[in-house]
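Input: a single structure, listed below in structure tokens.
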Amino acid sequence: MKNKKNIIYTAIAIVVYLLLFALVETGTASRQMQNLIVPVLVNIILAVSLNLIVGFLGELTLGHAGFMSVGAYAGCMFTVSCNLPVYIELPVAFVIGGLTAAVFGFIIGIPALRLKGDYLAIVTLGFGEIIRSILNSMDIVGGSGGLKGIEKSGNYTVAYVLMIITLIVISNVIHSCHGRSIKAIRDNVIAAESVGVNVVYYKMFAFVLSAFFAGVAGVLYGQNLGILKPATFDFNKSIEILVMVVLGGMGNIKGSIIAAVILTVLPELLRDLADYRMLFYALALIIMMLFSSNPTLVEFRQRIFSRSKREVN
Amino acid sequence: MDFIQQFINGLSLGSIYALIALGYTMVYGIAKMLNFAHGDVIMVGAYVLSIAAMQAGLSPVMSILFPVIVCMAACTILGVTIEKIAYKPLRNASPLAVLITAIGVSYFLQSVALLIFGSNQRKVNSVIPKFSLSLGDIHLSGEAITTLVVTVIIMICLALFINFTKVGKAMRAVSEDKGAAQLMGISVNSTISLTFAIGSFLAAIASILFVSSYGFVGPYSGAMPGIKAFVAAVLGGIGSIPGAMLGGIILGIIESMAKAYISTELADAIVFSVLIIVLLVKPTGFLGRKTITKV
Amino acid sequence: MLKRFLALAVAGTMALTMVGCGGSGEGGDAAAEGGSDVIKIGGIGPLTGDAASYGVSTKNGAEIAVEEINAAGGVEGMQLELLFEDDECDEQKSVNAYSTLMDQGINVLVGSVTSACSIAVSGESQKDGILQITPSGSAKECTATPNAFRICFTDPLQGQVMAQYITEQGLSKAAVIYNNGDEYSKGIHDAFVEKFAELGGQVVADESFTTGDVDFKTQLTKIKGSGADCLFLPFYYTEVAYVSEQAASLGLGLPMFGCDGWDGVIKQLNGDTTNIEGGTFLTPFVPTDSDEKIQAFVKAYNEKFGADPDQFAADGYDAIYAVKLAVEQTGGDLSNEALIDAMTKITLNGLTGNMTFDENGEPDKTAKVAVIENGAYTAKS
Chain A
1 MKNKKNIIYT AIAIVVYLLL FALVETGTAS RQMQNLIVPV LVNIILAVSL NLIVGFLGEL
61 TLGHAGFMSV GAYAGCMFTV SCNLPVYIEL PVAFVIGGLT AAVFGFIIGI PALRLKGDYL
121 AIVTLGFGEI IRSILNSMDI VGGSGGLKGI EKSGNYTVAY VLMIITLIVI SNVIHSCHGR
181 SIKAIRDNVI AAESVGVNVV YYKMFAFVLS AFFAGVAGVL YGQNLGILKP ATFDFNKSIE
241 ILVMVVLGGM GNIKGSIIAA VILTVLPELL RDLADYRMLF YALALIIMML FSSNPTLVEF
301 RQRIFSRSKR EVN
Chain B
1 MDFIQQFING LSLGSIYALI ALGYTMVYGI AKMLNFAHGD VIMVGAYVLS IAAMQAGLSP
61 VMSILFPVIV CMAACTILGV TIEKIAYKPL RNASPLAVLI TAIGVSYFLQ SVALLIFGSN
121 QRKVNSVIPK FSLSLGDIHL SGEAITTLVV TVIIMICLAL FINFTKVGKA MRAVSEDKGA
181 AQLMGISVNS TISLTFAIGS FLAAIASILF VSSYGFVGPY SGAMPGIKAF VAAVLGGIGS
241 IPGAMLGGII LGIIESMAKA YISTELADAI VFSVLIIVLL VKPTGFLGRK TITKV
Chain C
1 MLKRFLALAV AGTMALTMVG CGGSGEGGDA AAEGGSDVIK IGGIGPLTGD AASYGVSTKN
61 GAEIAVEEIN AAGGVEGMQL ELLFEDDECD EQKSVNAYST LMDQGINVLV GSVTSACSIA
121 VSGESQKDGI LQITPSGSAK ECTATPNAFR ICFTDPLQGQ VMAQYITEQG LSKAAVIYNN
181 GDEYSKGIHD AFVEKFAELG GQVVADESFT TGDVDFKTQL TKIKGSGADC LFLPFYYTEV
241 AYVSEQAASL GLGLPMFGCD GWDGVIKQLN GDTTNIEGGT FLTPFVPTDS DEKIQAFVKA
301 YNEKFGADPD QFAADGYDAI YAVKLAVEQT GGDLSNEALI DAMTKITLNG LTGNMTFDEN
361 GEPDKTAKVA VIENGAYTAK S
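Chains as they are written, first to last, in our numbering: chain A, 1 to 313; chain B, 1 to 295; chain C, 1 to 381.
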């Protein structure tokens with residue numbers, strides 16, 4: 001049973017990649033869409049890793065862009081300062097970016113042990129702002145002008161591999177005993193603690209792992225774009241990732257993937273609306289939230305969905 | 001001398017934060033939701049104020065009163081409308097879903113303002129009569145004095161209202177336990193709607209004093225003060241009315257002092273570090289109520 | 001089990017259709033390459049978000065240039081078409097916008113309006129070899145690639161010129177406030193501080209703020225106690241308006257100097273310039289200039305958009321004319337190499353001065369100094 005599932009997942013992963021490959025290499029996909037592949041994959045990694053904290057651990061954080069930025073800067077500083085061949089440099093950069101972010105994940109995990117809910121949210125928000133403020137005044141990483149001259153060695157294959165690794169690691173963690181402990185903490189801390197779940201350890205574990213992948217995504221972002229600017233990693237970036245997680249459904253990895261794809265591609269598809277683009281994006285966001293969370297509408301949606309299903313049968 | 005002036009600068013900045021934080025904390029305390037669009041309601045209020053102020057042919061008193069009243073009415077109606085359309089359908093949904101919706105509303109208000117008023121900031125003339133106190137080298141502007149006084153009065157009124165009126169009691173009951181409040185015959189929905197009306201009314205006052213102090217409004221003017229005020233509300237203990245006041249003032253003074261005596265570049269980092277340290281020592285802010293988890 | 005599989009399959013196909021659907025519709029690359037009678041000019045800049053006013057102005061200025069040229073019969077028998085995309089001042093979105101424009105088959109790129117976005121885009125445009133003219137990307141690296149040119153001054157140049165100017169006024173103790181979160185402001189500040197010290201001056205107060213700040217009283221109070229004899233404010237007019245009002249309320253009373261971002265400050269202050277009277281700034285463009293061309297532009301802009309144009313609009317306008325001249329130089333050849341080659345041969349007699357371009361993509365033009373007097377900008381020679 002387990003094996004069969006793995007085979008199917010692997011098959012899907014390969015088929016999706018082959019399709020991407022075909023679309024890009026034959027030039028069937030437009031430039032716009034080719035160019036969106038890496039950002040979509042970066043956002044998938046970010047959304048899935050944030051889902052670990054928000055969805056599975058049940059803690060609200062507003063500082064995911066902070067993890068992303070420290071990882072991005074660390075990894076990209078490495079590639080800028082070292083001139084190794086790409087096939088050595090790139091993997092090392094990802095590891096460095098991930099580990100640096102993981103260290104910060106550990107640091108920000110400490111208040112998470114003591115704080116809950118909105119208080120933790122504001123601390124993580126503050127953490128993101130502190131990082132941005134420091135990066136802005138650090139001339140060694142380019143200050144407010146940003147880190148320039150990063151070799152653009154990230155492409156869709158690298159990004160796809162990283163996304164698959166992220167998905168494999170995170171979904172395995174979730175289905176392992178670690179994941180069950182994390183979910184137990186979300187559902188009831190006291191009950192979890194009383195049956196012997198090490199709350200401190202698992203909270204830290206979730207934060208560190210999530211930060212690690214956010215850092216990797218950051219490096220990928222920088223390697224794809226060639227420039228990193230502190231202003232990119234502001235509070236709005238964290239919100240953008242959080243929106244993906246919430247819209248996709250908390251604690252639902254597939255949902256995060258779909259939401260990341262939609263929310264990255266949607267603003268680009270709305271370009272024809274010109275000045276009204278952001279207005280429609282905002283409306284779409286509100287309407288999607290109402291449809292996914294309002295009890296009456298959810299029921300209505302399910303009724304329609306089940307009817308169409310019956311008709312198919 | 002400088003120190004006193006810097007302290008006063010911090011105080012005037014802090015009183016603006018406090019005023020906005022009162023709106024945040026009011027809504028959070030009762031409806032248990034973070035109204036991220038609060039800052040943007042303030043922005044809309046400032047635009048309304050600037051339009052109403054252009055109304056010609058009014059007596060001197062009316063030329064101040066008319067824009068103020070229009071602004072208050074507009075903000076309150078806007079706040080209640082937002083609540084009806086966007087938040088009410090999500091009354092029983094997860095708090096995060098409501099948070100994201102609030103962010104959507106915030107984006108919506110910003111882009112509408114951008115479409116209507118354009119991207120340039122707009123000059124708004126102060127509705128507060130020009131006066132200022134000077135003591136040697138120390139200046140205290142009329143706007144700062146007014147803001148401080150108004151914030152204190154509002155804080156006291158709110159505290160009295162919540163603690164000593166029937167509606168206030170209903171609000172506290174809703175905040176404590178929605179289900180039980182409903183069983184006691186309190187209309188949870190209308191209580192929360194009323195809370196939003198009050199919150200938006202506070203936003204109107206904040207927007208009047210904010211633009212009077214700084215003189216300009218743009219489509220994104222509400223975002224930054226909104227976040228700072230949110231920090232202030234948490235620092236003081238979110239949900240607590242005196243806490244919002246205290247948090248706002250302290251935040252303003254810390255920001256001012258950090259800029260004056262440590263580093264202007266790292267001022268934001270210092271402000272947030274203080275916040276984190278305070279929360280680590282006192283996890284519910286200065287005046288927040290401790291929640292006891294029962295097994 | 002089956003349900004899970006179905007869900008994943010749906011997820012997968014959705015992702016693919018999203019990626020794929022763009023592909024089927026817009027395969028228009030080839031059409032524009034051939035001998036069509038339209039020159040497609042792509043523009044990128046922030047039309048929404050914090051920096052929106054810069055992008056909107058540039059777009060407006062460019063639109064006026066395009067209309068003028070088309071009304072006069074176009075270039076080499078071809079009409080111009082401006083396609084302007086929003087990037088929200090975000091580098092990733094700027095590159096996205098660039099790809100969208102490439103799908104529409106643009107011949108020349110005018111953009112991006114802001115520095116970091118311009119740099120990010122030039123990383124991509126270099127691969128395509130397309131001519132990129134940034135109207136207002138002032139960071140040094142904006143023209144680092146061989147296909148990139150710019151219309152505006154670089155940041156360091158402005159800082160140096162202003163340091164020189166202030167020293168010439170007999171002032172030697174400067175107080176500086178700059179936006180730490182903005183490369184433009186920081187670039188001018190750094191060059192200014194260096195040059196000013198070199199000229200024997202002293203920066204007695206060096207303060208900063210961050211994008212979004214509206215309260216400058218703390219910085220101004222510090223400056224007040226520092227014994228400075230002038231105030232240098234290298235940032236945009238929006239914040240300059242705040243600073244000038246707050247400086248007045250604190251009774252600071254120092255002469256103020258600034259950079260080309262000041263243009264627009266009078267409109268910002270609704271024409272009430274009491275608090276900024278005598279403010280002097282470096283600019284390539286003054287809307288009250290008696291020059292015929294500038295007056296015609298100001299008139300056209302006012303008719304179309306109901307406002308006075310700022311320097312961004314003038315930069316956008318000039319960028320379009322640079323494209324026109326380059327096309328004329330090649331005699332209608334729209335190939336990338338020919339256009340890039342032509343850029344170094346043209347002399348643009350633009351709103352922001354007469355300029356030629358060197359191989360590095362830098363414009364060679366002179367700076368004007370404008371003074372704010374009695375509610376209007378006055379050009380000072």
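Heads up, the beta-carbon is just placed ideally off N, CA and C, and yes, glycines get one too.
- Proximal residues of chain A, C-beta to C-beta of C/Asp-182 below 8 Å: Per Cβ cutoff of 8 Å: Ser-144.
- Task: Would you check if the distance between the CB atom of C/Thr-58 and the CB atom of C/Val-113 is smaller than 8 Å?
- Result: Closer than 8 Å, so yes.
- Message: Going by the DSSP bridge assignment, what does C/Leu-254 pair with across the sheet?
- Response: In the DSSP output, where bridge partners are listed per residue, C/Leu-254 has none listed.
- Task: Would you kindly check if the distance between the Cβ of C/Asn-96 and the Cβ of A/Leu-46 is under 8 Å?
- Result: Inclusion of A/Leu-46 and C/Asn-96 in the CB contact set at 8 Å is not warranted, their separation being larger than that value.
- Counting only the same chain and skipping the five closest in sequence on each side, list residues whose C-beta sits under 7 Å from that of C/Tyr-242. Once the five neighbours on either side are set aside, the close Cβ partners of C/Tyr-242 are Val-214, Phe-216.
- Item | Check whether C/Ile-426 and C/Glu-81 have beta carbons under 8 Å apart | For chain C, the structure presents residues 1 to 381; residue 426 of chain C sits outside this window and is missing.
- Would you kindly check if the distance between the Cβ of C/Ala-144 and the Cβ of A/Gly-226 is under 8 Å? No, these two residues do not count as a Cβ contact at 8 Å.
- The alpha helix (DSSP H) enclosing B/Phe-210, as first and last residue numbers: For B/Phe-210, the enclosing alpha helix (DSSP H) has its first and last residue at 188-214.
- Backbone secondary structure at C/Val-110 - three-state DSSP: Three-state result, C/Val-110: strand.
- When Cβ atoms are compared, which residues of the stretch 220-253 of chain A fall closer than 8 Å to chain B? Among the residues of the stretch 220-253 of chain A, those with a Cβ less than 8 Å away from any Cβ of chain B are Phe-235, Ile-239, Leu-242, Val-243, Val-246, Leu-247, Met-250, in the order of the chain.
- Message: Using a Cβ-Cβ cutoff of less than 6 Å, which residues in the same chain neighbour B/Val-274 once the five nearest sequence positions on both sides are dropped?
- Response: The residues are Ile-254.
- Kindly indicate if chain A contains any beta-carbon less than 8 Å away from that of C/Val-265. It does not: the Cβ of C/Val-265 has no partner Cβ on chain A nearer than 8 Å.
- Would A/Tyr-87 be called buried (16 or more neighbouring beta carbons within 10 Å of its own) or exposed? Result: exposed.
- Look up C/Lys-380 in the DSSP assignment and say whether it is helix, strand or coil. Here C/Lys-380 sits in strand by DSSP.
- Message: Helix, strand or coil, according to DSSP, for C/Gly-77 in the structure here?
- Response: Coil, per DSSP.
- Cross-chain neighbours of A/Leu-290 in chain B, by beta carbon under 8 Å: For A/Leu-290, the C-beta contacts it makes with chain B under 8 Å involve Ala-86, Pro-89, Leu-90, Thr-101, in order along the chain.
- Item | Range of the contiguous beta strand (DSSP E) that encloses C/Met-178 | The identity of residue 178 of chain C in the sequence shown is Tyr, whereas the question assumes Met. It spans 173-179 - the beta strand (DSSP E) in which C/Tyr-178 sits, taken as one unbroken run.
- Query: Cα separation between C/Glu-359 and C/Gly-375?
  - Reply: When rounded, the distance between both Cα atoms is 41 Å.
- Hey, is B/Ile-227's beta-carbon within less than 8 Å of any beta-carbon in chain A? The Cβ of B/Ile-227 sits closer than 8 Å to at least one Cβ of chain A.
- Query: Should B/Glu-265 be flagged as near chain A, meaning a C-beta pair shorter than 8 Å?
  - Reply: For B/Glu-265, the answer is yes, since a Cβ of chain A falls inside 8 Å of its Cβ.
- Query: Checking contacts by CB at 8 Å: is A/Met-77 closer than that to chain B?
  - Reply: False, the Cβ-Cβ gap to chain B never drops below 8 Å.
- Touch check for the stretch 226-236 of chain A and the stretch 109-117 of chain A: three-plus C-beta pairs under 8 Å? With a cut-off of 8 Å, the stretch 109-117 of chain A and the stretch 226-236 of chain A do not count as touching, because too few Cβ pairs lie within range.
- Report yes or no: do the stretch 165-173 of chain C and the stretch 192-205 of chain C share at least 3 C-beta pairs separated by less than 8 Å? Enough Cβ pairs lie closer than 8 Å, so yes.
- Can a CB atom of chain C be found closer than 8 Å to the CB of A/Lys-148? So yes, A/Lys-148 belongs to the interface.
- Inter-stretch contact at 8 Å, needing at least 3 Cβ pairs: the stretch 194-212 of chain B / the stretch 143-153 of chain B: Yes, the stretch 194-212 of chain B touches the stretch 143-153 of chain B.
- Item | Interfacial residues, the stretch 17-35 of chain A to chain C, with Cβ spacing under 8 Å | Here the close residues are Leu-19, Leu-20, Leu-23, Thr-28, Ala-29, Ser-30, Arg-31, Gln-32, Met-33, Gln-34, Asn-35.
- Query: When the cut-off is 8 Å and only beta carbons count, does B/Ala-260 lie next to chain C?
  - Reply: Answer yes: the Cβ-Cβ gap between B/Ala-260 and chain C drops below 8 Å somewhere.
- Query: In the DSSP assignment, what residue or residues form a beta bridge with B/Ile-138?
  - Reply: B/Ile-138 pairs with B/Leu-135.
- Message: With a threshold of 8 Å between beta-carbons, can C/Gln-92 be considered close to chain A, or not?
- Response: It does; some Cβ of chain A falls within 8 Å.
- Given a threshold of 16 other Cβ atoms within 10 Å of its Cβ, counted over all protein chains shown, does A/Val-161 qualify as buried or as exposed? When all chains shown are included, A/Val-161 counts as exposed.
- Message: I believe B/Ile-186 touches B/Ser-15 by the beta-carbon criterion, under 8 Å. Please report the beta-carbon distance rounded to the nearest angstrom.
- Response: Not really, about 34 Å apart at Cβ, beyond 8 Å.
- Item | alpha helix (DSSP H) segments (min. 4 residues) lying fully within the stretch 41-96 of chain C | Taking only runs of at least 4 residues, the alpha helix (DSSP H) segments lying wholly in the stretch 41-96 of chain C are 52-71.
- Would you call the stretch 241-248 of chain B and the stretch 151-159 of chain B in contact, with 3 or more CB pairs under 8 Å? Result yes; three or more Cβ-Cβ pairs closer than 8 Å.
- Determine the burial state of A/Phe-78: buried for a count of at least 16 other Cβ atoms within 10 Å of its Cβ, exposed for fewer. Its Cβ being crowded by 16 or more others within 10 Å, A/Phe-78 is buried.
- Roughly how many angstroms separate the alpha carbons of C/Glu-68 and C/Tyr-317, rounded to a whole number? Whole-angstrom Cα-Cα distance: 10 Å.
- Message: Looking at B/Phe-196: is its Cβ nearer than 8 Å to the Cβ of B/Glu-83?
- Response: Going by C-beta atoms, B/Phe-196 is nearer than 8 Å to B/Glu-83.
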